[in-house]
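Going by the UniProt record's numbering, the residue at position 232 of the sequence shown is 232; the numbering climbs one at a time, nothing skipped.
Ideal Cβ positions, reconstructed from N, Cα and C, are used throughout, including at glycine.
In what follows, a single structure is set out as C-alpha cells and then discussed.
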Amino acid sequence: MKTTQLVALLPDLATYTLVVQQGNFTNAANSLAMTPSAVSKTITRLESALAVKLIERTTRTLRITEEGQKVYEQAIQMLSAAEQAVELSTNSHSQAQGSLLVSAPEAFLSVVLQPLIIDFLKKYPDIQIKARAIDGAVDIQKQGIDVAFRLSEQPDEHLVLKELGETHLILCASKPYLMKHGTPQQPNDLLEHNCLYLAETEHDNVWTFHKDDKSQSVTVSGRYAVNQANLRFEGVKSHLGIGLFHDFVVANAVATGEVVQVLEDWTLTSNYHGNVLMQYAQTKYMPERLRLFIDFISQALSKKSSGTQ
C-alpha cells in the first residue's frame, strides 16, 4: 500500500480502535462527536480498503473477527507511537533540552559570547552547547551548525539574519612602548613601529585607514604575528608594539588606561570588521532550545549596546 493511501486510512484506523474499546458504535460515536451511522460507514470503508472483515455486526452486539483483532493490535501500536511523538515534542518544548552547535570568530567567542553562554547554561541545565571558534565563512547545513556568529557587512542571504550591533577596529599600544618609541601621528608612521597583526592571510598586515574623504593603506611589519586576538593583546600589554583589535577586545583596557588608543581620529577597515551578525537556517518548526538561545543572546547583547547591563 502506498504511503498516500496509508495516510488516508489513519483516521479510520483510529476510529476503529475506539469502536473496539467502547464495544459499540453508539459509545464510540459519542466520544468522537459523530453519529453512529457515520461511525458505521467509517468501519465499512476501512474494511473495504483492507479487504477484510473486521467486525461481525448483530442487532445488539459487535464481535471482532480474528483478522479484526490483528488489525486492532497493530492500530493500537500505531496510536501509541503517535502519542509518544506528541509527548516527546511537548516535553522538548517545556523542558528545553538537547544540544546546540554554535560557531563564532575566536575573539568574539572568547570575549563576548563565553560569559553569555555560561549564563545561558546555568539558566537551562538540560541544554548542551558545543562552540567552535571559526573566523572565516561557514556552511551551516554542511557543518551541522545551529547558530553562526559573524563580524561582517555581508550576511549570507540564504539564512535568517539578526543584526546584534556593530564593531569597530582600534589601534592600541602600552604607555611604556609609546614612551620609548613615540606615538604615531599619521598612518605612515606605523612603518617605523613594531606592529602585531593577525597573519591569518597574506594581506592581514595591510591596514586601511579612512579620514574625511581620503583612504590610506599601510603594509605594516613586526616581530610577532599570531591569529588569536588574546595572544596579540598580551603582546601589546607586554610592550612589544602596536596592535589592531576589535573594540570589544580592548575597550576595558583603553577605558582603564592599561593601553592607549593610537590614531583614534582615523577609521580602520578590514575583512573582519562590520556588523555583529547572528544567522541560522530558516525552519518551520524551530526547536525550543534554539529559540531560547537566540532570544537570550539577542536580549543580552541589546542590553549591553544600550548600556543597561
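Buried versus exposed, by CB contacts within 10 Å (16 or more), residue i
i           : result
residue 167 : buried
residue 309 : Summary for residue 309: the model assigns pLDDT 48, below 50, so the residue's position carries little reliability; its value from the coordinates is reported in the next sentence. Exposed is the call here.
residue 150 : buried
residue 192 : exposed
residue 33  : exposed
As assigned by DSSP and simplified to three states, the class of residue i
i           : result
residue 131 : strand
residue 109 : helix
residue 237 : helix
residue 285 : coil
residue 15  : helix
residue 261 : strand
residue 275 : strand
residue 300 : helix
residue 309 : Low confidence applies to residue 309: its pLDDT is 48, below 50, so where it sits in the model is not reliable, and the reading given next is rough at best. In this structure, residue 309 counts as coil in the three-state DSSP scheme.
residue 102 : strand
Option in the options with minimal Cα separation from residue i
i           : options           : result
residue 223 : 37, 233, 204, 195 : 195
residue 272 : 252, 203, 266     : 203
residue 220 : 243, 156, 248     : 243
residue 161 : 14, 10, 79, 294   : 294
residue 82  : 97, 40, 13, 200   : 13
residue 264 : 172, 8, 67, 292   : 172
residue 206 : 288, 197, 11      : 197
residue 259 : 48, 47, 176       : 176
Cβ-Cβ separation, residue j to residue i (assumed contact under 8 Å), whole Å
i           : j           : result
residue 106 : residue 135 : 6 Å
residue 230 : residue 200 : That pair is no contact at about 15 Å.
residue 164 : residue 286 : Not a contact, Cβ separation roughly 18 Å.
residue 146 : residue 100 : 5 Å
Check: residue i C-beta below 8 Å from any heavy atom of the ligand FMN
i           : result
residue 164 : Because no ligand of any kind appears in the structure shown, any question about the ligand FMN cannot be addressed here.
Runs of beta strand (DSSP E) wholly within the segment 51–76 (minimum 3 residues, chain order)
Counting only runs of 3 or more, we get 55–57, 62–64.
Which full runs of the beta strand (DSSP E) of 3+ residues lie inside the segment 146–224, going along the chain?
Taking only runs of at least 3 residues, the beta strand (DSSP E) segments lying wholly in the segment 146–224 are 147–152, 160–167, 169–173, 206–211, 214–219.
Kindly provide the ranges of any alpha helix (DSSP H) runs that are 4 or more residues long and lie completely inside the segment 25–53, ordered along the chain.
DSSP runs (the alpha helix (DSSP H)) wholly in the segment 25–53: 25–32, 36–50.
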